[in-house]
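Input: a single structure, listed below in structure tokens.
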């Protein structure tokens with residue numbers, strides 16, 4: 008960590024983010040334009056995200072598998088909207104083993120096509136359905152404007168791909184996974200998200216309908232944080248995924264796909280981070296509590312380190328780090344772990360030894376207000392409670408921030424103003440014309456029609472036509 | 008599962024293997040030549056392997072990270088032996104985002120080069136050392152002759168990359184990881200391996216020295232099952248990984264790399280499999296025990312299923328599957344789970360209900376001999392004990408098989424004969440000429456100079472010169 012201060016979020020949010028990712032050791036730029044190296048601290052965070060999601064996938068009957076990285080170019084062309092959506096973003100392998108390939112291979116940007124091809128081989132009868140497979144892996148999309156975690160040429164994600172006998176089951180699955188994403192975001196990441204449906208213009212290339220969880224970042228911009236797509240029979244028809252039903256008749260299957268990526272690390276940083284650095288939610292933090300010993304003399308050191316050992320021994324069920332560095336001061340350590348977003352700091356000094364206490368310092372409430380002194384006994388329960396408190400408080404703060412910055416503009420002029428620094432939650436007639444007008448004139452896009460709607464109807468914020476659904480307009484990452 | 012029988016291993020070992028991989032649902036062929044799809048059952052096995060290794064890596068201070076898939080072509084060229092070794096096997100991206108790239112990008116065949124580049128940025132001082140990073144991921148090598156799991160264009164693996172201040176530390180790390188691989192293979196996979204050093208001809212392209220664990224497959228061929236390389240200062244010099252030592256002098260670091268891949272699944276299949284199918288070691292098996300209910304009448308079904316529920320409830324600490332399929336017979340189920348290698352079958356029939364027992368059938372001992380009847384109480388302890396017994400017995404059987412088929416040929420003529428169906432453990436002078444002669448005349452290669460040596464010296468099995476080390480000659484996958 009360098010001693011220099013981060014820019015504040017107010018000064019320059021983009022620069023605050025970029026420097027923070029680098030200085031907190033989450034990621035680094037790779038030598039290939041637009042690619043990133045996820046450093047051990049960032050990857051440990053991703054591993055915790057993976058576990059939290061994987062556990063939920065398995066509990067709902069999904070299994071993991073691995074499909075190839077390289078996809079024949081012709082596969083991409085089988086679904087019309089899909090190829091249109093992805094062809095500008097492809098990385099193409101044209102040489103293999105020193106020879107020019109007869110058919111170029113695409114480095115997967117997503118795997119609907121190759122998985123569709125395999126499903127057409129595996130699925131024969133209604134007895135083979137549903138197929139509920141997820142894959143953890145990397146994909147490549149040739150993005151022009153990149154930003155660490157948010158948009159990189161290569162990124163890491165999971166992509167679920169399921170096949171069902173009926174349209175109803177596919178729709179149920181699509182919403183089940185959307186809800187799993189929302190549950191994870193809210194409960195494990197303390198990121199309050201709005202779950203909703205994408206407009207036609209914003210949906211996945213090849214989907215019948217797309218759903219999303221949208222989160223508000225610290226600069227009030229929206230971040231699409233996970234998506235779940237009902238693919239209808241589009242890919243089943245393109246890849247001939249057919250099964251014999253109970254009446255021995257051949258039917259096309261109904262498929263879904265859903266994904267969440269390392270982009271979500273960006274959501275965590277920009278939802279909770281403050282001017283001192285990262286603030287990580289306790290359930291996902293690679294280090295949940297850091298123990299910092301404080302002493303001046305050798306005699307103090309001996310008694311402090313003895314207490315530190317006793318403290319540590321009580322906390323084996325948490326992800327704990329003892330910062331034993333000798334070459335830096337406790338003050339430096341405080342700043343360092345604040346920058347890295349460790350939720351709880353436990354200080355042990357000579358006075359604590361004397362009194363049989365330790366000092367807790369909450370990352371989410373800097374300064375005196377976040378400090379408390381607790382007895383060295385029953386630390387396990389106290390740390391557990393404090394981490395839960397921090398987890399809940401982060402969610403509440405972010406939720407309040409979103410509510411304060413979500414507006415209900417009275418007319419189109421007001422909408423144009425509020426989306427410059429917030430979200431607008433407004434009636435919309437559903438027409439692409441109104442959507443495009445807003446985008447062109449304000450740079451705000453429709454983020455989603457939230458599943459939770461007020462009901463009734465109102466006039467479209469753009470054209471005034473009666474509308475039955477409200478939409479979120481916002482500038483987005 | 009089709010009803011057709013597998014070829015026996017004696018009839019056609021290669022065909023037995025290929026059909027078994029497909030029919031046990033471990034993997035399938037992908038539409039791109041030489042690539043595979045790892046199906047859910049195969050991936051669940053890989054996940055268990057990953058966990059067993061990852062746990063060991065973290066316990067020895069390693070952390071995970073992720074480096075890019077795409078490597079600038081020029082990077083490969085910086086280490087002379089490395090580029091010579093890998094250039095025939097490369098997949099090359101020449102087009103990105105619709106444009107021809109100025110510099111083609113290699114899909115990583117291994118990551119020494121790009122990681123070396125990043126380490127040169129990160130490592131400045133002796134305080135930054137050692138760096139102990141591992142990566143789980145996929146790599147691509149354009150192999151001409153492929154075989155599911157054993158040799159595929161894309162495969163999955165972990166690659167550890169470490170940097171150290173001294174040659175001694177790098178060598179210690181190289182052997183530490185070799186021992187971790189051996190410990191995993193023996194204790195978790197019941198695959199008895201021989202740990203040793205590779206000859207110059209067989210070492211990794213760019214390494215100072217390479218170490219390997221070698222296993223004997225059911226046809227007596229050797230399989231290289233994991234490797235650990237001491238890279239000396241080769242990559243540090245190629246990528247300028249330098250640090251200031253305690254005297255403020257600039258030094259090159261010493262690096263290592265080590266990897267184990269989905270190839271190891273092939274090792275498990277070919278070490279333990281029999282003519283009925285897979286035999287999976289209990290510690291890694293995705294399903295450790297399958298419960299098969301047996302009944303004819305509805306009344307029997309009710310009481311049997313009730314007992315099955317009680318049995319299952321006792322076994323929550325194991326990976327258990329209850330086979331409730333109605334459309335197939337118990338006999339079909341027995342064959343099916345035997346094919347898939349589930350270590351223990353627990354049968355529950357009307358007689359068991361009456362007597363308060365269940366039947367255990369061991370996968371490693373087919374037929375009556377592997378069957379026993381145990382009371383329905385204290386099943387947890389009994390299953391744990393049985394799985395441990397099977398785990399140990401698989402290792403013992405494979406170890407005996409290797410010992411029976413490892414020979415100590417008296418002269419070169421005898422060596423030529425024994426390596427056609429076994430290993431030869433012989434003195435070797437170390438010269439490439441003798442090594443090449445054996446390879447040309449018998450197709451057997453030097454597998455390794457085992458770390459455990461008899462000591463003393465003897466005449467080279469090829470040229471008769473006095474030699475101080477014994478080597479394993481064997482035909483290999």
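Chains as they are written, first to last, in this note's numbering: chain U, 8 to 484; chain G, 8 to 484.
Think of the CB as a built atom: it goes at the ideal place given N, C-alpha and C, for glycine as much as any other residue.
| query | result |
| --- | --- |
| For a cutoff of 9 Å on Cβ pairs, would you count residue 334 of chain U as touching chain G? | yes |
| Below 9 Å between beta carbons: does that hold for residue 204 of chain U and residue 436 of chain U? | no |
| Determine the direct distance from the alpha carbon of residue 272 of chain G to that of residue 34 of chain G, and round the result to whole angstroms. | 11 Å |
| Under 9 Å, do residue 187 of chain U and residue 263 of chain U count as touching if we go by C-beta distance? | no |
| CA-CA distance, residue 383 of chain U and residue 314 of chain U? | 9 Å |
| Could you spell out where the beta strand (DSSP E) holding residue 258 of chain G opens and where it closes? | 257–259 |
| Distance, Cα to Cα, residue 318 of chain U vs residue 327 of chain U? | 10 Å |
| Taking Cβ positions, are residue 138 of chain U and residue 173 of chain U nearer each other than 9 Å? | no |
| According to DSSP, is residue 248 of chain G helix, strand or coil? | coil |
| How is residue 369 of chain G classed by DSSP in three states: helix, strand or coil? | strand |
| Helix, strand or coil: which one does DSSP assign to residue 224 of chain G? | coil |
| Nearest by alpha-carbon distance to residue 110 of chain U: which of U:102, U:117 and U:116 is it? | U:102 |
| If you draw a straight line from the C-alpha of residue 226 of chain G to the C-alpha of residue 353 of chain U, how long is it? | 59 Å |
| Going along chain G in order, which residues have a C-beta closer than 9 Å to the C-beta of residue 35 of chain U? | 125, 128 and 129 |
| Note down, in chain order, every chain G residue with its Cβ under 8 Å from the Cβ of residue 112 of chain U. | 39 and 98 |
| Taking the beta strand (DSSP E) that residue 143 of chain U falls in, what are its first and last residues? | 138–147 |
| Restricting to Cα atoms, I'd like to know which of U:164, U:157 and U:96 is closest to residue 58 of chain U. | U:164 |
| Within 9 Å (strictly less), CB to CB, does residue 25 of chain G reach chain U? | no |
| For the structure I just gave you, are there three or more beta carbon pairs, one from the region 124–140 of chain U and one from the region 244–256 of chain U, closer than 8 Å? | yes |
| Using the Cα positions of residue 255 of chain U and residue 136 of chain U, report the straight-line distance between them to the nearest angstrom. | 15 Å |
| If we require 4 or more residues per run, which alpha helix (DSSP H) segments fall completely within the region 251–330 of chain G? | 270–279 and 305–321 |
| Rounded to whole angstroms, what's the CA-CA distance from residue 51 of chain G to residue 390 of chain G? Just pull it up for me. | 21 Å |
| Grouping DSSP H, G and I as helix and E and B as strand, with all else coil, what is residue 212 of chain U? | coil |
| Examine the Cβ distances between the region 411–429 of chain G and the region 476–484 of chain G and report whether three or more of them are shorter than 8 Å. | yes |
| For residue 151 of chain G, name the three-state secondary structure that DSSP assigns. | coil |
| Hey, quick one: how far does the beta strand (DSSP E) through residue 114 of chain U stretch, first residue to last? | 106–114 |
| Look at residue 62 of chain U and residue 197 of chain U and say whether their C-beta atoms are less than 9 Å apart. | no |
| Which residues of chain U have a Cβ atom closer than 8 Å to the Cβ of residue 151 of chain G, listed in chain order? | 104 |
| Name the chain U residues whose beta carbon is nearer than 9 Å to that of residue 461 of chain G? | Near residue 461 of chain G there are no residues of chain U at all, since even the closest Cβ is about 42 Å away, more than 9 Å. |
| What residue from G:399, G:368 and G:310 has the CA that sits closest to residue 358 of chain G's CA? | G:310 |
| What does residue 46 of chain U reach in chain G if we use C-beta pairs closer than 7 Å? | 72 |
| Considering Cα atoms alone, identify which of G:431, G:88 and G:267 is closest to residue 209 of chain G. | G:88 |
| Evaluate residue 306 of chain U with the Cβ neighbour count: other Cβ atoms within 10 Å of its Cβ, from every protein chain shown; 16 or more gives buried, anything less gives exposed. | exposed |
| Against residue 163 of chain U, what residues of chain G qualify as contacts under a CB-to-CB distance less than 8 Å, listed in chain order? | 73 |
| With C-beta atoms as the reference, is residue 32 of chain G less than 9 Å away from residue 14 of chain G? | no |
| For residue 85 of chain U and residue 120 of chain U, which I take to be in contact (beta-carbon distance under 8 Å), what is that distance rounded to the nearest angstrom? | 7 Å |
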